[in-house]
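**Q**
Residue numbers (the working numbering): 1449 to 1537.
1) Is residue 1507 closer than 8 Å to residue 1478 when the C-beta atoms are compared?
2) Please classify residue 1532 as buried or exposed, where buried requires at least 16 neighbouring CB atoms within 10 angstroms.
3) Three-state secondary structure (DSSP) at residue 1490?
4) Sorted by chain position, which residues of the same chain lie with C-beta nearer than 7 Å to residue 1472's C-beta, five sequence neighbours on each side aside?
5) Tell me which residue opens and which closes the beta strand (DSSP E) that residue 1504 is part of.
6) With C-beta atoms as the reference, is residue 1517 less than 8 Å away from residue 1503?
7) Within 10 Å of its beta-carbon, does residue 1490 have 16 or more other beta-carbons around it, so buried, or fewer, so exposed?
8) Tell me the rounded alpha-carbon separation between residue 1529 and residue 1495.
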């Protein structure tokens, strides 16, 4: 499950990459989605991200960070952000 902000993040990432390489933009967003989906297999394997709450965790993918919450039976992808970005802004 993707939050609205995570969906917007993925769109923005795709738009940014498409400025240089539209084909790569599509494949990279696909990679990110696949990585997000795989988090559900072992959601507690990634480090906690306590700044967002006790159930929050993060998973790196290339230069990006996937922030998510572990729910009872699933995960909620909250944000997908570039690692250089100040995520507390």
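By construction, the Cβ of each residue, glycine as well, lies at the ideal position given by its N, Cα and C atoms.
**A** This is what the structure holds:
1) Taking the first residue of the chain shown as 1, we reach residue 1478 at position 30. Taking the first residue of the chain shown as 1, we reach residue 1507 at position 59. The beta carbons of residue 1478 and residue 1507 sit no closer together than 8 Å.
2) As a position in the chain shown, residue 1532 is number 84, starting the count at 1. Taking all protein chains shown into account, residue 1532 has fewer than 16 neighbouring C-beta atoms within 10 Å of its C-beta and is therefore exposed.
3) Counting from 1 along the chain shown, the entry for residue 1490 is found at position 42. Taken through DSSP and simplified to helix, strand or coil, residue 1490 comes out as coil.
4) Here the question's residue 1472 lines up with position 24 in the chain shown. So the qualifying residues of the chain are 1465.
5) Start at 1 with the first residue of the chain shown, and residue 1504 comes out as number 56. It spans 1504 to 1509 - the beta strand (DSSP E) in which residue 1504 sits, taken as one unbroken run.
6) Residue numbering aside, residue 1517 sits at position 69 when the chain shown is read from its first letter. Residue numbering aside, residue 1503 sits at position 55 when the chain shown is read from its first letter. Contact flag set, yes.
7) As a working mapping, residue 1490 is identified with position 42 in the chain shown. Label assigned to residue 1490: exposed.
8) Here residue 1529 refers to the residue found at position 81 when the chain shown is read from its first residue. Here residue 1495 refers to the residue found at position 47 when the chain shown is read from its first residue. Each residue's Cα considered, the two are about 16 Å apart.
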